[in-house]
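> To start, I am sharing the structure in question, which I have written as structure tokens.
Quick look at the structure:
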């Protein structure tokens, strides 16, 4: 085995066979991962729920947010260094959710 010469044709054949073997193994692994993902993410059919004739109304809390708006306006004025008369708060709504530190770092990296 050692010391034997391999011709260029034999080396090419071995290379092609080895690459074919590796890529076919990778394709099989890829299909196996897809199969496992489909089995894990398979959703069961929910039982049919009776539909009520009266639509549910979204409950909106009837609170007076004038103090909250005043605090927000004061914070914006203090941050920007302008007076309260230079801008108008048209609407205020809650953010969807707080972002994790990882998400905040990713956003900072993207905004650079």
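Residue numbers (the working numbering): 1 to 112.
Note that the Cβ used here is the ideal one computed from N, Cα and C, for glycine as well.
1. The alpha helix (DSSP H) spanning residue 40 covers which residue range?
2. Terminal residues of the continuous alpha helix (DSSP H) containing residue 75?
3. Tell me the residue span of the alpha helix (DSSP H) that contains residue 5.
4. Using CA coordinates, which residue listed in 85, 92, 80, 81 is at the minimum distance from residue 68?
Once the coordinates are examined:
1. Mapped onto the chain shown, residue 40 falls at position 40. Its alpha helix (DSSP H) spans residues 8-40.
2. Position 75 of the chain shown holds residue 75. It spans 66-80 - the alpha helix (DSSP H) in which residue 75 sits, taken as one unbroken run.
3. Along the chain shown, one-based indexing puts residue 5 at 5. For residue 5, no alpha helix (DSSP H) segment is defined, and its DSSP state is neither H nor E.
4. The residue given as residue 68 occupies position 68 in the chain shown. Per the Cα distances, 92.
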